[in-house]
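Numbering (the working numbering), first residue to last: 60 to 154. Down below is the structure, laid out as structure tokens.
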């Protein structure tokens with residue numbers, strides 16, 4: 060069955076009906092959801108939420124901690140290319 064589906068022509072004929080169904084479903088759902096104002100962010104009436112700076116810091120912290128962990132503990136297995144890519148990724152957080 061999988062070989063049959065992975066053939067390009069069969070894949071298109073197998074997936075297209077599902078894509079049409081999903082697209083129609085999304086259009087219907089978006090019609091209802093687009094005009095609903097979310098009770099958070101600028102639409103929040105009371106200020107009982109997390110402060111914005113703390114929320115942003117908490118959200119971005121794993122993006123800095125995980126690459127630093129990988130650099131520290133897997134230093135010997137990194138090629139120069141991977142090291143440069145991770146380095147540039149970390150530099151853009153501290154600029």
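Quick reminder that beta carbons are idealized off the backbone N, C-alpha and C, glycines included. Because the structure is a prediction, the values reported are computed rather than measured.
Between residue i and residue j, what straight-line distance do the alpha-carbon atoms span, to the nearest angstrom?
| i | j | result |
| --- | --- | --- |
| residue 124 | residue 136 | 19 Å |
| residue 138 | residue 120 | 25 Å |
| residue 146 | residue 153 | 11 Å |
| residue 89 | residue 82 | 10 Å |
| residue 86 | residue 75 | 16 Å |
| residue 134 | residue 143 | 12 Å |
| residue 112 | residue 122 | 16 Å |
Which parts of the stretch 73–142 are runs of the beta strand (DSSP E), unbroken and 3 residues or longer, counting only runs that do not cross its ends?
none
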